[in-house]
Amino acid sequence: MNHPLITMTAITGKPSKSEIYEYLRSMKENGILSVLLYPRSGCEIEYLSEEWFSCIGFFIECAKELEMQIWLYDDFNWPSGDAGGKVTEIPEYRLKAICTEGENIGKISCKSRHNAGLFGEKYFPDLLSYDAVDYFIKSTHEEYYKRFSKDFGSTIRGIFTDEPSIGYCCQDGCIPYYEQIKNDYFEYCGRNFDSDMYGRYENFYLNATKIISNRFNECYFKKLSVWCENHGILMAGHLMNDFHPLYAVKHEGDFLKNLSCFSLPGIDEIETDFKNECEMSLLGSIEYASNKNGAMAELFALGPVDMSYAKKRAMIYLCSAFKINHYFLAISHFDIRGNMIVKDFFSNFSSDQPDFSGMKLLGDEAKKAAELAKKDFTPDVYVRYPFELSAKNIASHCDMSKLFDTVNKLTYSQIQWKYINDEDIDAPVIELNSECEVTLNGHSFDISEISRNAIVTDENGDTPLGIFVRRFNDGEFIAINLFADEKKYFINGNKVLLKKYDVYFSNDNSKRKTISDTLSRFSVNYGNKNVIRAMFLNESACNTVYCDFDTDIELAVRNDTSGKLNGEAILCNKKSDTLPRGMRNFYNYSDKYTLKQYYNEICGQKDFKYMPSIFLIGDFAYEIKSGDECALRLRKRKKEYKCGERILDFGKIEFSANTYIPAMCNAIEICGTDLLTEVYIDGALIDKKAFSPYVYDLKCNFQDKSVKIKIVQYSSIAPIFGDVDYWDKNVKECGWRGTPSPSNSGFGFDKIKFLM
């Protein structure tokens, strides 16, 4: 059976079989039945050693016992093709580039230049070498098959190749190089490679890119695809810089052709930025490459760690509208020691998240989305992917903004479109001309000239920016509010409220009438101690904590560092289970300390964004004061709650009240939250919700009765990391400022409605 949600499990440390079993059991308990085994920064097992394969064997054995599926990953970290450094140990297997412009024209080199900021100065595998690729397959794929062949095609569903590229050593004015390139160039176009390069022949880059792309296709993509097919598994993964045609061509050649070689082609959609100018173009590219197995997307790694389930659900349904039916969740850390190495971004699909049980609800939606991905749609217009234009201008960086703008205007005008590559079709085709101007069948045009069938409109009859609509051939449709205003829209003539990240289906006929919304006050019970980090930036080693009252706390100090409280060393000599499972073993815990009223100073060292050096733990509320310093203010926790307030806390909070259920009431709605929320009446669980509508159907035996209602909410792990936006703005060295700050939406809700 195909399970559409797959966690990308970052294997860190040296997990034992019992730890692996508990990890997988936790996944299954929360609705995850497929995991990808991803050797990543923080792994302390030598990659491809016998110990490594033994660890993988434990995962497979436990997965079989739990009736789960495994996906393999074909390298250590990324990019794929190096077998954890084995390939580039051999000098002739190192990727090469030839300089095609400037004073170094004709010079051949093989060290990283173009991506030195991300990877450093290093060698990359030559994926234009048949021998190098054969050695890579022998070192990875064949070694897995040698040990686990009986599980291929059953427990082992596929293998993931991650951002293989021929452009890693190509700075501006360079192209990939292999020994036969000049002969292949002549055979392709009957021209001399050197003469065209030195003479600046107008089609030199186009011709060179085509032959390099064909070589890459035959040498890497077809080899891996055939190997996987012959061994009964899927070849999954995605390519480098797939979001931008010019960069994709630089790294992959004919991007769409090479992506189409995958038996499960994919894209890298880790930012979840619906307003990104490239978003729809990226999704259109994977729709083009999708096949009978569907397609995949790597999702959510740049989070943020507190991304709501509503936004995750909206992203999954948006993907499904472009034929994506496998959703790889990045990242599920076995433990989070890797955050001391990869420091700048963090998302965690594991039980470290207090709200992780909401994954069952997301999994149910993912199954529906995967079915939706099977539906076909008919385009109103085709858009030509600008491979040739990009190849011709690979050294001069032609402007693709008008392509992105046009694709976005088509999308939000609810004009359906599809990419074509080198196909000639008898239909309207939009493309960029040589001047990077957008044309329709060779002529300039306006979007309004293309006929459409608008499903969602505002009160003026216009299609709203930010609402995505897909019309399927069977007459059904889906509408997703990606970033439009939260208000009522006309959907097929009916007035419907679309909230942030709402997903509306054409068969949605649910209508409720409000009876009353008078329930507004609750008592509050906290399910756990609160946790908040002390933040130390740059050379600063001190964090100020202001207290409204004498406050008892414990301190958790990372076990590779130390700290002081008000000038005295913090004594840590015990273990605790207060922190999430994937963190707790990296910290030592103090006995009780009392922070005095008003001013306290905590000093620490070696702080990391998502692996703080010191945590404060206790029965307190807090406020983050982000000014010249990111200080903390500790207050008493609320014991009474009024609707509309927000409580900044971590973990689990219960809101309780006695109330009367009206005689005609058959549902309760909780308005104004995006947290995982459970409703209990007289101790019985009614239901749990993780996204709108937060409507809980009631049984008739609760009507016309006085009852005790309990509303239980769960946060993500994000609150314990404090104001990471402040961190990004003030830290001197940050390699990737990609992860937005936790939203601090907080516990609570705006109102409770009784519905009929």
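Mind the numbering: the sequence shown is residues 0 to 755 in numbering that gives the first Met the number 0, read in order.
All residues carry an ideal CB built from backbone N, CA and C; glycine is no exception.
task: Compare the Cα-Cα distances from Asp75 to each of Asn191, Ala683, Val86 and report the closest residue.
output: A quick correction: the sequence has Phe, not Asp, at residue 75. Closest by alpha carbon: Val86.
query: Excluding five sequence neighbours on each side, which residues of the same chain lie with their C-beta closer than 8 Å to the C-beta of Tyr134?
result: Excluding residues within five positions, the ones whose Cβ falls inside 8 Å are Ala82, Lys85, Val86, Ile89, Tyr92.
field: Secondary structure, alpha helix (DSSP H): runs of 4+ residues fully inside the segment 356-432
entry: As far as the segment 356-432 is concerned, its whole alpha helix (DSSP H) runs of at least 4 residues are 358-371, 386-391, 400-411.
- request: Using only alpha-carbon positions, find the residue among Leu388, Thr543, Tyr143, Asp183 that is nearest to Asp73.
  value: Nearest C-alpha to Asp73: Tyr143.
task: Excluding the 5 residues preceding and the 5 following Ala662 in the sequence, name in chain order all residues of the same chain whose CB lies nearer than 7 Å to its CB.
output: The answer, listed in chain order, is Gln702, Asp703.
- request: Would you mind reading off the limits of the alpha helix (DSSP H) that contains Arg634?
  value: Annotation: Arg634 is outside any alpha helix (DSSP H); the continuous beta strand (DSSP E) that includes it extends over 629-634.
Neighbour-count burial assignment, Val248, 16 or more Cβ in a 10 Å radius: Val248 is buried by the Cβ-count criterion.
task: Answer yes or no: do Asn587 and Cys571 have a C-beta to C-beta separation smaller than 7 Å?
output: Against a cut-off of 7 Å, the Cβ pair of Cys571 and Asn587 comes out as a contact.
field: Ordered list of alpha helix (DSSP H) runs contained in the segment 247-334, each at least 4 residues
entry: Fully enclosed alpha helix (DSSP H) runs of 4 or longer: 254-258, 278-288, 308-319.
task: Can you grab the Cα-Cα spacing for the pair Phe746 / Arg214, in whole Å?
output: Straight-line Cα distance between these residues: approximately 56 Å.
field: Whether Ser400 touches Phe521 by CB criterion (7 Å)
entry: Against a cut-off of 7 Å, the Cβ pair of Phe521 and Ser400 comes out as no contact.
task: Going by CA-CA distance only, name the one from Asp343, Asn275, Leu281 that's closest to Val304.
output: Relative to the Cα of Val304, the nearest Cα in the group Asp343, Asn275, Leu281 belongs to Asp343.
query: Using 8 Å as the Cβ pair cut-off and three pairs as the minimum, do the segment 523-533 and the segment 503-513 touch?
result: Touching, no, given that fewer than three Cβ pairs across the two stretches are closer than 8 Å.
- request: Count the other C-beta atoms from every protein chain shown that fall within 10 angstroms of the C-beta of Ile107, then say buried if there are 16 or more, exposed otherwise.
  value: Counting Cβ neighbours within 10 Å, Ile107 comes out exposed, since fewer than 16 surround it.
query: Going straight from the alpha carbon of Cys546 to that of Tyr598, what length do you get?
result: Straight-line measurement puts the Cα of Tyr598 at about 7 Å from the Cα of Cys546.
query: Could you check where the alpha helix (DSSP H) with Gly56 kicks off and where it finishes?
result: For Gly56, the enclosing alpha helix (DSSP H) has its first and last residue at 49-65.
field: beta strand (DSSP E) runs wholly inside the segment 130-167, at least 3 long, in chain order
entry: Those beta strand (DSSP E) runs which fall completely within the segment 130-167 and span 3+ residues are 155-161.
Element boundaries [alpha helix (DSSP H), containing Leu754]: From DSSP, Leu754 is part of no alpha helix (DSSP H) but of the beta strand (DSSP E) over 750-754.
- prompt: Which partner residues does Ile477 have in the DSSP bridge list?
  reply: Under DSSP, Ile477 takes part in a beta bridge, and its partners are Arg469, Phe504.
task: Note down, in chain order, each residue of its chain lying with its Cβ closer than 6 Å to the Cβ of Asp644, except the 5 sequence neighbours on either side.
output: Correcting the residue identity first, residue 644 is Glu in this sequence and not Asp. The residues are Gly747.
- prompt: Hey, which unbroken runs of the alpha helix (DSSP H) at 4 residues or more fall wholly within the segment 539-617?
  reply: For the segment 539-617, whole alpha helix (DSSP H) runs of length 4 or above, ordered along the chain, are 580-583.
query: Taking buried to mean at least 16 other C-beta atoms within 10 Å of its own C-beta, is Ser515 buried or exposed?
result: Around the C-beta of Ser515, fewer than 16 other C-beta atoms lie within 10 Å, and the residue is accordingly described as exposed.
task: Return the CA-CA distance between Glu458 and Ile710, expressed in angstroms with no decimal places.
output: Answer to the nearest angstrom: the Cα atoms are 36 Å apart.
Rounded Cβ spacing between Ile652 and Gln712 (contact assumed at less than 8 Å): Cβ-Cβ separation between Ile652 and Gln712: approximately 5 Å, consistent with a contact (criterion under 8 Å).
query: What is the residue span of the beta strand (DSSP E) that Asn232 lies within?
result: Residue identity check: residue 232 is Ile in the sequence provided, not Asn. It is not in any beta strand (DSSP E) - Ile232 carries neither H nor E in the DSSP assignment.
query: From which residue to which residue does the alpha helix (DSSP H) around Ala207 run?
result: Its alpha helix (DSSP H) spans residues 203-215.
message: Quick check: what's the CA-CA separation for Ile59 versus Ile5?
response: The alpha-carbon atoms of Ile59 and Ile5 are separated by roughly 15 Å.
task: Enumerate in chain order the residues of its own chain whose CB-to-CB distance from Asp183 is below 6 Å, with the five nearest sequence positions on each side excluded.
output: Taken in chain order, the residues that qualify are Ile210.
Delimiting residues of the alpha helix (DSSP H) encompassing Asp195: First-last of the alpha helix (DSSP H) with Asp195: 192-197.
message: Cutting at 7 Å between CB atoms, please list the residues of its own chain near Met314, excluding the five before and the five after it.
response: The residues are Thr271, Leu298.
task: Reducing DSSP to helix, strand and coil, say where Asp724 ends up.
output: Residue state, collapsed to three classes: helix.
message: Relative to the C-alpha of Glu668, which candidate in Lys624, Arg583, Lys591, Leu754 has its C-alpha closest?
response: Check the Cα spacing between Glu668 and each of Lys624, Arg583, Lys591, Leu754: the tightest is with Leu754.
task: Would you mind reading off the limits of the beta strand (DSSP E) that contains Lys461?
output: Here the sequence assigns Asp to residue 461, which means Lys is not the residue at that position. It is not in any beta strand (DSSP E) - Asp461 carries neither H nor E in the DSSP assignment.
Buried/exposed call for Ser197, threshold 16 Cβ in 10 Å: Checking the sequence, you will find Tyr at residue 197 rather than Ser. Its Cβ having fewer than 16 others within 10 Å, Tyr197 is exposed.
message: Can you look up Cys98 in the DSSP assignment and give me helix, strand or coil?
response: Strand.
message: On a Cα-Cα basis, can you pick out the residue from Gly671, Asp501, Asp618 that is closest to Tyr642?
response: The amino acid at residue 642 is misidentified as Tyr; the sequence shows Cys. When each option's Cα is compared against that of Cys642, the closest is Gly671.
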